[in-house]
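Colleague: In the working numbering, each residue carries its 1-based index in the first sequence increased by 1. To start, I am sharing the structure in question, which I have written as structure tokens.
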Amino acid sequence: MAQAVKRLFPDAKLAIGPAIEDGFYYDFDIPKKLTPEDLPRIEDEMNRIISEDLPIERREVRREEAIQLFRNKSERFKVEMLEEIDDERVTIYSQGEFFDLCRGPHLSRTGRVRAFKLLSLAGAYWRGDESREMLQRIYGTAFDSEKELNHYLGAREEALRRDHRKLGVELELFSIRDEIGPGLVIYHPKGAVLRTVIEDFLKKEHAKRGYQLVISPHIMRRDIWATSGHLQMEYPMYFFEIEGQGYGIKPMNCPAHIMIYKSRTRGHRDLPLRFFELGTVYRHERSGVLHGLLRVRGFTQDDAHIFCTMEQSEEEINNCISFAFEIQRIFGFDTFRIALSTRPEHFVGTHEDWEKATETLKKALESNELDYFIDEGEGVFYGPKIDVKLRDALGRWWQGPTIQFDFNLPRRFGMAYVGADNEEHTPVMIHRTVLGSLERYIGILIEHYAGAFPLWLAPVQVVVLPIADRHVTYASEIVGKLRSRGIRAEINQERETTANKIRKAWQMKIPYMIIVGDNEQNSNTLSVRSLSGKDERGLDLKQVIDDLLDEIESKAIRKA
RNA sequence: GCCGGCGUAGCUCAACAGGUAGAGCAGCGCACUUGUAAUGCGCGGGUUGGGGGUUCGAGUCCCUCCGUCGGCUCCA
């Protein structure tokens with residue numbers, strides 16, 4: 002591709018162009034601004050290069066020699082890269098008039114490229130550094146056969162169909178509107194039901210495990226954010242004044258939980274203390290990063306802070322880990338990728354604290370026999386953390402739970418407990434979530450299930466469809482009975498054909514349709530049609546209710 | 001925030017190279033009383049994201065702001 006770009010745009014300067022998970026990209030500095038219309042042109046040129054079937058040659062040269070080579074072509078990015086490479090020898094691949102610095106390996110000839118497609122254009126900073134120049138990046142992908150390429154492109158379309166932003170509107174779950182503001186979610190009735198179901202479930206599960214529910218205000222004095230260190234870290238917050246006093250909208254819930262801890266003297270027998278809050282926080286995210294429910298400015302975390310002794314911390318973290326995975330499995334996720342993030346460049350606290358905390362997290366992961374990888378320098382400023390990524394039905398990875406160690410806040414807030422030795426000690430603090438944020442998690446669920454939620458989560462579980470007006474009374478009775486058993490049921494009494502009512506229920510991904518006409522009314526039975534199209538007739542209402550309740554209770558996962 | 005694309009009715013989209021906006025779905029009304037993925041007819045609906053400019057004339061061209069999409073950086 003780079004060769005094609007160089008042929009079409011001789012002024013283009015090559016930056017970097019690696020292979021990525023499902024394709025490749027290349028960054029260029031081109032005076033002309035590329036538009037999507039340029040992609041087919043570049044593809045044409047690429048096809049020409051493929052049909053030329055140029056041999057691809059690997060050559061090993063001294064670093065100095067390579068620098069000279071690229072300097073002659075005034076490829077400043079390549080020169081910059083070479084100047085920072087430690088190896089004395091580097092490899093250069095060439096094909097026809099084109100050559101590039103690359104570790105390899107490559108195909109033997111350009112004619113070996115089978116199926117490829119350029120996908121998109123994007124801006125990208127040179128070396129990913131915000132302060133460096135913006136380059137133009139071209140994304141593409143390549144496969145061994147047209148078939149595989151088409152399969153990949155099909156998967157991309159499927160992902161588009163499942164896009165939670167699209168489904169969120171179609172299924173009337175939520176919206177984000179200009180008038181309200183970017184990154185601010187309004188939940189419509191159906192979305193609010195979904196969220197409430199998740200919240201109630203979380204509250205119950207936390208109570209089971211010894212967490213205490215707490216609630217804290219959305220705004221807190223500016224000073225407390227100085228104590229916590231958010232101010233000094235220039236955390237992206239919103240600030241304002243009330244009667245001359247500075248306030249900030251909370252971007253985290255920790256200070257309030259710490260205040261609850263500090264509301265009385267704590268002894269070692271009080272610990273561990275586990276405070277859980279569905280805490281709505283606001284963060285001033287930069288406009289370019291907002292993305293549907295996955296990245297918003299206001300969101301609710303299923304947040305908890307555990308205060309304990311150093312000795313207790315390992316067990317507490319173990320429990321957090323098993324809690325998180327248990328819940329994730331119930332929601333239908335069973336494949337994970339776990340990252341342990343270590344000390345970042347900017348941090349508070351001492352080196353020793355960081356090491357101790359990181360070790361504890363490591364030990365907890367290892368004792369749970371979980372595979373993980375180390376994300377060097379990716380910790381939060383206040384402590385190292387474990388991040389869990391979830392794999393969805395389409396094989397994509399999403400940010401899920403996080404468990405963060407914190408030696409710093411307890412010290413900053415002067416927290417203490419009286420130990421068995423009758424001396425004051427500083428407790429250890431653990432921040433953790435099970436889902437992450439409700440907004441993001443709901444977004445992930447929508448995409449994972451393509452909107453067809455398991456019964457226990459479905460905003461509308463059953464829709465009752467009377468065939469004609471004379472069946473409405475009977476249908477309403479059924480709805481009433483379902484509702485009295487806590488089943489979320491609705492009636493569609495539009496004067497429409499049954500086929501159309503079924504189509505609408507199907508579009509709304511309602512798990513079950515109960516259809517009643519003369520046959521059912523006369524025999525006091527029902528017909529049940531499932532979302533997947535299964536059709537059963539002459540059923541008994543009591544039995545249907547029991548079956549529905551069983552399925553809800555079991556939180557069974559259905560295939561989307 | 002940065003680079004680029006886009007912004008027409010609630011939704012999906014149309015309107016030749018500038019000549020004062022159209023369709024389907026949805027909504028409303030009427031008819032139909034219906035048996036498992038769209039019944040028919042009719043009606044209403046837009047100061048073309050906001051503001052400014054060029055022009056006799058702007059949805060169309062230019063500037064600017066806002067939003068959004070794809071990335072980068074950042075992140076629950």
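Every residue, glycine too, gets a C-beta built ideally from N, C-alpha and C.
Thinking C-alpha only, which one of Glu440, Ala500, Val465, Asp23 is nearest Ala1?
Modeller: Because the chain in this structure spans residues 2 to 561, residue 1 falls outside the shown range and cannot be described.
Colleague: At which residues does the beta strand (DSSP E) containing Asp304 begin and terminate?
Modeller: Run containing Asp304: 299-309, per the beta strand (DSSP E) assignment.
Colleague: Who are the near neighbours of Gln246 in its chain, counting only those whose CB is closer than 8 Å to its CB and skipping five residues on each side?
Modeller: Only Arg222, Arg223 meet the Cβ criterion.
Colleague: Please check the pair Thr359 and Thr343, which I expect to be a contact at CB under 8 Å, by giving their CB distance rounded to whole angstroms.
Modeller: Confirmed, Cβ separation roughly 6 Å.
Colleague: Of the residues Tyr475, Ile177, His189, Phe277, which one's Cα is nearest the Cα of His207?
Modeller: Among Tyr475, Ile177, His189, Phe277, the Cα nearest to that of His207 belongs to Phe277.
Colleague: Any chance the region 422-429 sits against the region 383-396, with 3 or more Cβ pairs inside 8 Å?
Modeller: Segments in contact, no.
Colleague: What would DSSP say about Leu446, mapped onto helix, strand or coil?
Modeller: It is helical.
Colleague: Alpha carbon to alpha carbon, how far is Gln313 from Glu537?
Modeller: If I take the Cα positions, the gap works out to 55 Å.
Colleague: According to DSSP, what are the bridge partners of Trp399?
Modeller: The partner list for Trp399 (beta bridge, DSSP) reads Leu391.
Colleague: Pick out whichever of Ile51, Met47, Phe382, Phe10 has its Cα sitting closest to the Cα of Lys34.
Modeller: Of the candidates Ile51, Met47, Phe382, Phe10, the one whose C-alpha sits nearest the C-alpha of Lys34 is Phe10.
Colleague: Would the region 363-376 and the region 316-325 be scored as touching if the rule is three or more Cβ pairs under 8 Å?
Modeller: In short, these stretches touch, since the Cβ pair count reaches three.
Colleague: Grab the span of the alpha helix (DSSP H) containing His152 for me, first residue to last.
Modeller: Counting along the chain, the alpha helix (DSSP H) containing His152 begins and ends at 147-162.
Colleague: Roughly how far, in whole angstroms, is the beta-carbon of Ile511 from the beta-carbon of Gly169, given that I think they are within contact range, below 8 Å?
Modeller: Actually they do not touch by this definition, with Cβ atoms about 16 Å apart.
Colleague: Between Leu341 and Cys309, is the Cβ-Cβ spacing less than 9 Å?
Modeller: Cβ atoms of Leu341 and Cys309: not closer than 9 Å.
Colleague: Can you tell me where the beta strand (DSSP E) holding Arg63 begins and where it ends?
Modeller: Note, Arg63: beta strand (DSSP E), 57-63.
Colleague: In whole angstroms, what separates the C-alpha of Ala415 from that of Glu327?
Modeller: A quick correction: the sequence has Gly, not Ala, at residue 415. Their backbone Cα atoms lie some 34 Å apart in a straight line.
Colleague: Given 8 Å as the limit, is there contact between the region 102-120 and the region 46-55, that is, 3 or more CB pairs closer than that?
Modeller: The region 102-120, when compared against the region 46-55, does touch it at the 8 Å Cβ threshold.
Colleague: Mind reading off the beta-carbon distance from Asp145 to Arg104? Whole number of angstroms is fine, and I expect it under 8 Å.
Modeller: Actually they do not touch by this definition, with Cβ atoms about 22 Å apart.
Colleague: Enumerate in chain order the residues of its own chain whose CB-to-CB distance from Ser95 is below 6 Å, with the five nearest sequence positions on each side excluded.
Modeller: If we look at Ser95 and ignore the five residues flanking it on each side, its Cβ neighbours are Glu58.
Colleague: Using 8 Å as the Cβ pair cut-off and three pairs as the minimum, do the region 478-486 and the region 183-190 touch?
Modeller: Segments in contact, no.
Colleague: Using the rule of at least 16 other Cβ atoms within 10 Å of the residue's Cβ for burial, across every protein chain shown, is Gln69 buried or exposed?
Modeller: Classification for Gln69: exposed.
Colleague: Our contact map puts Leu410 next to Asp303 with C-beta atoms below 8 Å; I'd like the distance itself, whole angstroms only.
Modeller: Contact flag wrong, Cβ pair sits at about 19 Å.
Colleague: When you compare only the Cα positions, how much space is there between Ala417 and Gly487?
Modeller: Ala417 and Gly487: Cα-Cα distance of roughly 46 Å.
Colleague: What does the alpha-carbon distance come out to for the pair Leu542 and His449?
Modeller: Using only the alpha carbons, I get a separation of about 32 Å.
Colleague: Taking its Cβ as the centre, do 16 or more other Cβ atoms sit within 10 Å of Pro402, making it buried, or is it exposed?
Modeller: Burial call: buried.
Colleague: So which of Arg196, Phe202, Leu203, Asp87 has the shortest CA-CA distance to Arg63?
Modeller: Nearest of Arg196, Phe202, Leu203, Asp87 to Arg63, Cα basis: Asp87.
Colleague: Would you kindly work out how many angstroms separate the C-alpha atoms of Pro19 and Thr92, rounded to a whole number?
Modeller: Roughly 15 Å between the two C-alpha positions.
Colleague: Extract the residue ranges of the beta strand (DSSP E) inside the region 45-115, only unbroken runs of 3 or more that lie entirely within it.
Modeller: Listed in chain order, the complete beta strand (DSSP E) runs (minimum 3 residues) inside the region 45-115 are 57-63, 90-96, 99-102.
Colleague: Where does Leu366 sit, in a helix, a strand or coil, going by DSSP?
Modeller: Note: Leu366 maps to helix in three-state DSSP.
Colleague: Which of the three DSSP states, helix, strand or coil, is assigned to Gln4?
Modeller: It is helical.
Colleague: Provide the residue span of the alpha helix (DSSP H) that contains Leu549, from first to last.
Modeller: Per DSSP, Leu549 belongs to the alpha helix (DSSP H) from 542-555.
Colleague: Based on DSSP bridge pairs, tell me the residues matched to Gln213.
Modeller: Per DSSP, Phe276.
Colleague: With 16 other CB atoms within 10 Å as the buried threshold, where does Val290 fall?
Modeller: With fewer than 16 other Cβ atoms within 10 Å, it is exposed.
Colleague: With DSSP collapsed to three states, give me the class of Arg338.
Modeller: Reduced to three states, the DSSP call for Arg338 is strand.
Colleague: Note the first and the last residue of the continuous alpha helix (DSSP H) segment covering Arg412.
Modeller: Counting along the chain, the alpha helix (DSSP H) containing Arg412 begins and ends at 409-413.
Colleague: Whole-angstrom Cβ separation of Met509 and Val461, contact assumed at under 8 Å?
Modeller: The Cβ separation is near 7 Å, so the contact holds.
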